[in-house]
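Chains as they are written, first to last, in this note's numbering: chain A, 414 to 795; chain B, 414 to 795; chain C, 414 to 795; chain D, 414 to 795.
Quick reminder that beta carbons are idealized off the backbone N, C-alpha and C, glycines included.
Computed from a predicted model, the values in this text were never measured in an experiment.
Structure record follows, encoded as structure tokens.
Number of protein chains: 4
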Amino acid sequence: MAPTGLWLIGARGSVATTAIAGLLALRSGVVRPVGCVSAQPAFERAPLPDWDEIRVGGHDVVDTPLEKRAEQLTESGLIPYRVFDTVRDRLSEVDSEVRPGYHPATHSGSQADAARAVSEDINAFARRHGLERVVVLNVSSTEPVFPSLAEHEGLAALEAAMAVPGRTVLPPSSVSAYAALRAGAAYVDFTPSPGIRLPALEELASRQAVPYAGSDGKTGETLVRSTLAPLFSSRSLAVRSWAGTNLLGGGDGLTLADAEHAGSKLASKGRGLSTLLGTEVTAPLHIDNVPDLGEQKIAWDHVSFEGFLGVRMSMQFTWSGYDSSLAAPLVLDLTRFTAAAHAAGRSGPLAPLAFFFKDPMGTDEHRLAQQFDMLTTWAESL
Amino acid sequence: MAPTGLWLIGARGSVATTAIAGLLALRSGVVRPVGCVSAQPAFERAPLPDWDEIRVGGHDVVDTPLEKRAEQLTESGLIPYRVFDTVRDRLSEVDSEVRPGYHPATHSGSQADAARAVSEDINAFARRHGLERVVVLNVSSTEPVFPSLAEHEGLAALEAAMAVPGRTVLPPSSVSAYAALRAGAAYVDFTPSPGIRLPALEELASRQAVPYAGSDGKTGETLVRSTLAPLFSSRSLAVRSWAGTNLLGGGDGLTLADAEHAGSKLASKGRGLSTLLGTEVTAPLHIDNVPDLGEQKIAWDHVSFEGFLGVRMSMQFTWSGYDSSLAAPLVLDLTRFTAAAHAAGRSGPLAPLAFFFKDPMGTDEHRLAQQFDMLTTWAESL
Amino acid sequence: MAPTGLWLIGARGSVATTAIAGLLALRSGVVRPVGCVSAQPAFERAPLPDWDEIRVGGHDVVDTPLEKRAEQLTESGLIPYRVFDTVRDRLSEVDSEVRPGYHPATHSGSQADAARAVSEDINAFARRHGLERVVVLNVSSTEPVFPSLAEHEGLAALEAAMAVPGRTVLPPSSVSAYAALRAGAAYVDFTPSPGIRLPALEELASRQAVPYAGSDGKTGETLVRSTLAPLFSSRSLAVRSWAGTNLLGGGDGLTLADAEHAGSKLASKGRGLSTLLGTEVTAPLHIDNVPDLGEQKIAWDHVSFEGFLGVRMSMQFTWSGYDSSLAAPLVLDLTRFTAAAHAAGRSGPLAPLAFFFKDPMGTDEHRLAQQFDMLTTWAESL
Amino acid sequence: MAPTGLWLIGARGSVATTAIAGLLALRSGVVRPVGCVSAQPAFERAPLPDWDEIRVGGHDVVDTPLEKRAEQLTESGLIPYRVFDTVRDRLSEVDSEVRPGYHPATHSGSQADAARAVSEDINAFARRHGLERVVVLNVSSTEPVFPSLAEHEGLAALEAAMAVPGRTVLPPSSVSAYAALRAGAAYVDFTPSPGIRLPALEELASRQAVPYAGSDGKTGETLVRSTLAPLFSSRSLAVRSWAGTNLLGGGDGLTLADAEHAGSKLASKGRGLSTLLGTEVTAPLHIDNVPDLGEQKIAWDHVSFEGFLGVRMSMQFTWSGYDSSLAAPLVLDLTRFTAAAHAAGRSGPLAPLAFFFKDPMGTDEHRLAQQFDMLTTWAESL
């Protein structure tokens, strides 16, 4: 079978580096697929590409090579030395497939030109490796909120605006999504950035008949919330408030704690909670940048609820994880599932992949157990 | 429609008192059915007895009348004053339906005699109120571990042994279960005591064609575990240890912290966890008696798990609830569902009620979300 | 001995109501002085006014009488019914000593007039009860940040500005402080509002030779921080970050979560931490309004620290208390200690009362144990 | 100045290995003395031996060389690679100073013979390095409870019993303590084992005029308790219960979770709490062995307390640390302080070192802040 391509936007970030190192390690058999949903027996019969049938390339705006990034993550404890030693040479090979990413600050022509260049990178990657298909997956930094424009509503208007030199009608994530679709690739957004979430781009996806999925990978506080909230609703316990605090180090902490950037993240976190509980509750939510935590991410939630005869009770949890360790295997899962969906002729938003996202496209189902059921049922149908 | 009877073993305990006061309050409309699963829209079309179609009586070995017990719970904050004021008079009426319970220490004849007396109390209760059917529900204190005897294996041998004066072949919970079955009543065990869990009694239940359910109401730590554990397994995260500490006040703390008594409780808690995770993990578990907590129950769990590439992460939660507030509405739910099952001609263990129990009979399904699905699907079939 | 007066600014708030109800209950002997520092054996020989030597009056801008407020707090669980029953009649007597408080929105004349009226209320209270001295204690809502003005720097300029009709040169807390000093009363600020913290008012206090203390009662997160932080510094463990989240219901939650109001509170919380640790650390801090918590106040802190050879470790705590229950006994303590200091001829800021405050006046000592030592040593000297 | 010797009982354990690697790293200047109390400015003028004036040797019953043990700890994240690289060669030198330790199971002669051999090892070490004095410090595994014997009451009777071939009159820790004293060395016990805590050995210490200190290093839950408990007592808040759970991996988890071994540890933890609170409280305490935690140690405590007017409140904390990282710098501190005390002619139990111990000898002061005051005052007197 011809190999499948994974083209990462943000290919040298922590998540991407961990995913790539992990893929190489899985291929060489030095690690077990812990954290990989698609490796469960439930998906054994689904036509997913194997670890050694996936080729990786991507875009990034930073230069630090993958090997160096992997070394840093090894020092942070995210990648064991044993794994790093095994995969370091092959990391350099993958790094040679990483191209300079699009960024409005460094780009001079029109966004149409920029998109064309991105598409061409993807196509060339596919040609070089004889790929059957490519999944473009965005793991770059969360973008600041981008204003809604009339041009986002239809493809024709959008393309006209993109052709105007110097005009920035799309945020970088959407330029990538546009380019992916133009290249006939499936698109997955692991971030809360706009990406493909514009009517004009959904129109293009539909025309190209490619599947897409997103958005905002569910790896910590929201993962726990989507598991716990159904406890309260199925037991008729009335949640009165659900407060959350997130402490993040790394680049993510810096990006997300910034008020403007946090806008999109907080919104995508909030949407789920009220859907899960079936009602609006007091739900203060904070994301703080705590650099000394490094790759660690700590979430504390306090749930206050009312039980029989109005008695007040509470629950609190602390989740202490490593963001990239939680996200990386899902990147591989999403690549496998999306490629299989594409191969099976599916197009449009892949609602059955809601299991992976804070803000799933194509469905309002936020309950983790139901999402997992949707995933397994769907995978059997492929 | 003829009313349904609820006969409580341990009718003057905290759980029973809260359930009775709550039922009376629901009937008078002064409270909303928060915590009552059966009051959800999902069960609107199920043929469940209404709040005012349920008559309550029971057995207890203590004398303190229900009104006095309710007053104590009001002081503890479990019953609001407003509710207590509304229901106090009717509590006395219910209290007049409570008979002295069976206890081996105060009973002189054979266990067959004891069982006959219990059955007769149940039958008389049914006649007095013109009841269609009765659900016998055990909310008495958890019993010490009772030895397995050969006589438990078959009904004939058991009844022969029960007929021997002075011989204690069954623990009190099983005497009650036997008597309930003999009276043609359905039986529910909200405690981890043996109750109906003996082959001889299951044989009798089958012969009587009555349904039964249990055991050990799921109201705290295990409720959360059965919600959270599937997060880890569905995400392929490898749980390495799951430690738990339970602080209980009230009589329950005293009973359960006692090593021998705790035997049955710890076992029923442990069974679920390994089933949920699909593997045995290090899972130290403690139940401590902390009298100053009164009716409060606090559980702390620490989960250590391994993610992608072997990275270690953790989660902890603290659940702070009031045991009787959590259990009481489920007592009412179980009465309604079990009565409806009996009316619909169901018999044997009611696996679809697994949602309510730590150690469900008739199924190995411990995942809360799946249990809720089972419950709603089944209720539609009634 | 002639009685001592306690004049409360915010006399019908939760803290004041609890303090007054508690004082009456202590006087009648129905409760033990739990939470009262001054009742410890260590202070037995200090010349503190007894519970029955304290008379209470005050100002408030709200009308709800004390008895009604106490009833509400009884329903919230802050005052036991037994205590409420015992003291309700005497609460009405105290309520008759509460006068309408000063508020710029409802006052038409000059602030000098306003201050004169406040002073006169205090003096009349002293005359009515034959008081030896009065302690004016501010427990009103935290004020928004008030701009610094040149007139705050000296008494003469301030009084000239106060005489201008319609000019608001002082926030309400400082008008009260000014009036207290003019009436020859000691002043204590239990809030982070400006109060007496202006050079002009300190000049007046010095001229009047009265003692004063503040500010911002230490009752929760900061209390724990001032206890825990010395653990890290005395053990040479390097704190890298100390994040905090505060969930508050009640009026306080609403006032403090408001960005502008929180300004003063967050500042007073932050000042202590860096002093305690001897260095600046990343210390994100939030105060959220969670109305369903009512009088409850929950703080979660996460401390990340570095140990030997750079190893990273962490500690977290959750404090779950009732603000008014924690503050009220300290109000009584501060009244007793401040009155005794006044009687002993002390004047100026009472640094030895730092034990009670987040942002102590007259000292930079924030460590709780050292503050307690200062208090006991000083009390012996009175 | 002549160097000082540190003779470690359990010289190849995790604590000892970390302490030795750390000492070598401090000497070479590649790390800062984080976690080292004695490196604070407050002790700058105390006559403590410098890092490069300390020579290390010891006993152990295991063979794994220090370099190998340090490598394991490096893999566990307790020692940074950089540090390991710097010190590995010198670890082998230290390892050559480690002699086979005494263990009753492998020793055939009398305990007098065994003690003589231990003393001789210490003396030879002192001669080889021209040491001024030696501190013998016990960091070996906690021993099972040893029965009290009449021979422990006086030195003459003890020595007579020790001379009987094949008789085990002392646990290994006490044989080491005896041998240390006979060699004229100071003795410090970092474990809860009996060690020097027998009247006969205290008699010998007094005769030899050497100082000693202990016992049971305070590095986690008890450290926090001795900091927090004074908060409650100084604020007159009535603690009603204080429950604790400890999760330990590593060898310590295995040793301490064992019921018999835990005996001594739980007793030494419990003694402090009631002294700190001035009253007995319900205080269930557990130590669980959770192997997957490795060197990590997690403690959860729940404190329930009563405030003004009987209101119930609570606090909980989670301490997540690495045992050896917390203990190792204290081993170095104790060596420095004890050696300085010996040099200054102090003998008997060193109460001012209570700051370091769960169960301090020579004082009942358990409050951390007061212990730190005692330490700094005493150090100035040296």
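- Taking a C-beta distance under 7 Å as the contact criterion, C/GLY608 and C/ASN551 qualify as a contact pair.
- The beta-carbon distance between C/ASN536 and C/ALA590, rounded to whole angstroms, is 16 Å. This is too long to meet the 8 Å contact definition.
- For the alpha helix (DSSP H) assignment, the uninterrupted runs of no fewer than 4 residues enclosed by the stretch 427–461 of chain B are, from N- to C-terminal side, 427–441.
- The three-state reading of DSSP puts D/PHE538 in helix, counting H, G and I together.
- Bridge pairing for B/HIS715: B/ALA656 and B/GLN729 [DSSP].
- Of the candidates C/ASP701, C/SER649 and C/ARG620, C/ASP701 places its Cα closest to the Cα of A/GLY657.
- Counting other Cβ atoms within 10 Å of its Cβ, B/HIS516 stays below 16 and is therefore classed as exposed.
- A contact between stretches requires three or more CB pairs, one per stretch, nearer than 8 Å, and the stretch 710–723 of chain D meets this requirement with the stretch 724–741 of chain C.
- Of all residues in the stretch 716–738 of chain A, only THR731 place a beta-carbon less than 8 Å from a beta-carbon of chain D.
- Any Cβ of chain A closer than 7 Å to the Cβ of B/GLY471 would place that residue at the interface, and such an atom is absent.
- For A/SER587 against A/LEU611, the beta-carbon gap comes to about 6 Å, under 8 Å, which counts as contact.
- At the C-beta level, B/PHE603 and B/GLY630 come within 7 Å of one another.
- The criterion of a C-beta distance shorter than 7 Å is satisfied by A/ARG653 and A/SER717.
- By the CB criterion at 7 Å, B/VAL548 and A/ALA651 fall outside the cutoff.
- A/GLU510 has its alpha-carbon roughly 13 Å from the corresponding atom of A/ILE467.
- Cβ-Cβ separation between A/GLU693 and A/TYR735: approximately 32 Å, too far for a contact (criterion under 8 Å).
- A residue is called buried once 16 or more other Cβ atoms fall within 10 Å of its Cβ, and B/PRO560, having fewer, is exposed.
- Look at A/PRO624 here: in three-state DSSP terms it is strand.
- C/VAL469 is the residue among C/ALA618, C/VAL469, C/SER619 and C/ALA438 whose C-alpha sits nearest the C-alpha of C/GLU506.
- Judged by DSSP secondary structure, B/ARG780 falls outside any beta strand (DSSP E); it is assigned neither H nor E.
- Considering only beta carbons, the part of the stretch 641–661 of chain D lying closer than 8 Å to chain B consists of ARG653, SER654, ALA656, THR658 and LEU660, in chain order.
- Around the beta carbon of B/VAL500, a 10 Å sphere encloses 16 or more other beta carbons of the protein chains shown; the residue is thus reported as buried.
- Short of 7 Å from the beta carbon of D/ALA452, and not among the five residues preceding or following it, lie these beta carbons of its own chain, in chain order: PRO446.
- Excluding sequence positions up to five before and after D/ALA618, its CB lies within less than 6 Å of the CB of LEU594 and TYR625, all in the same chain and listed in chain order.
- Residues of chain A whose Cβ lies closer than 8 Å to the Cβ of B/GLY435 are, in chain order, PHE721 and LEU722.
- With a threshold of 16 other beta carbon atoms within 10 Å, B/GLY758 falls short and is exposed.
- One thing to note: B/GLN784 has its Cβ within 7 Å of the Cβ of B/PHE768.
- Contact annotation for C/GLY490 against chain B: GLY490 [CB-CB distance below 7 Å, chain order].
- The alpha carbon of A/LEU763 has as its nearest neighbour, out of A/GLN485, A/GLY775, A/THR519 and A/MET728, the alpha carbon of A/GLY775.
- Ranked by how close their Cα comes to the Cα of B/TRP655, the residues D/PRO704, D/THR668 and D/ALA613 have D/PRO704 in first place.
- D/ARG425 sits close to D/THR477, with the two beta carbons spaced by under 7 Å.
- For D/ILE711, the chain B residues whose C-beta falls within less than 7 Å of its own C-beta are HIS715, listed in chain order.
- Excluding its 5 nearest sequence neighbours in each direction, A/ALA415 has C-beta neighbours in its own chain below 7 Å: GLY543, LEU544 and GLU545, listed in chain order.
- At a cut-off of 7 Å between beta-carbon atoms, B/THR487 makes no contact with chain D.
- Residues of chain C with a Cβ closer than 7 Å to the Cβ of A/THR695 are, in chain order, VAL703, PRO704 and ASP705.
- Beta bridge pairing from DSSP links D/ASP701 with D/LEU660.
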